[in-house]
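Engineer:
Residue numbers (full-length UniProt numbering): 1 to 76.
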């Protein structure tokens with residue numbers, strides 16, 4: 001995703017007027033030509049962002065769960 005976001009403006013300039021799906025194919029092809037070493041910074045950013053997302057979702061889900069007290073009070 002980070003690679004895509006970085007490359008999109010560049011590819012849009014190089015291929016003015018091209019359809020979105022075609023832009024995605026060009027960027028995907030470019031990604032496949034990168035070495036593992038070139039992909040590493042993007043993979044690291046993706047992993048870090050994935051971890052952030054799951055931590056935020058866990059906090060969000062736990063904030064939505066009713067506490068034991070409020071559940072007992074509402075059933076009385």
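Even glycine gets a Cβ: it sits at the ideal position worked out from N, Cα and C.
Predicted, not measured: the structure shown is a model, and the values here were computed from it.
Whole angstroms is fine: what's the gap from residue 65's alpha carbon to residue 47's?
Structural biologist: 27 Å
Engineer: In chain order, which continuous runs of the alpha helix (DSSP H) of length 4 or greater are located wholly inside the UniProt domain "HMG box" (1–61)?
Structural biologist: 2–14 and 20–33
Engineer: Are the beta-carbon atoms belonging to residue 4 and residue 26 less than 8 Å from one another?
Structural biologist: no
Engineer: How long is the line joining the alpha carbons of residue 29 and residue 12, rounded to whole angstroms?
Structural biologist: Straight-line Cα distance between these residues: approximately 15 Å.
Engineer: From residue 17 to residue 58, what distance separates their C-alpha atoms?
Structural biologist: 42 Å
Engineer: With distance defined between alpha-carbon atoms, name the residue in 45, 56, 14 and 63 nearest to residue 1.
Structural biologist: 45
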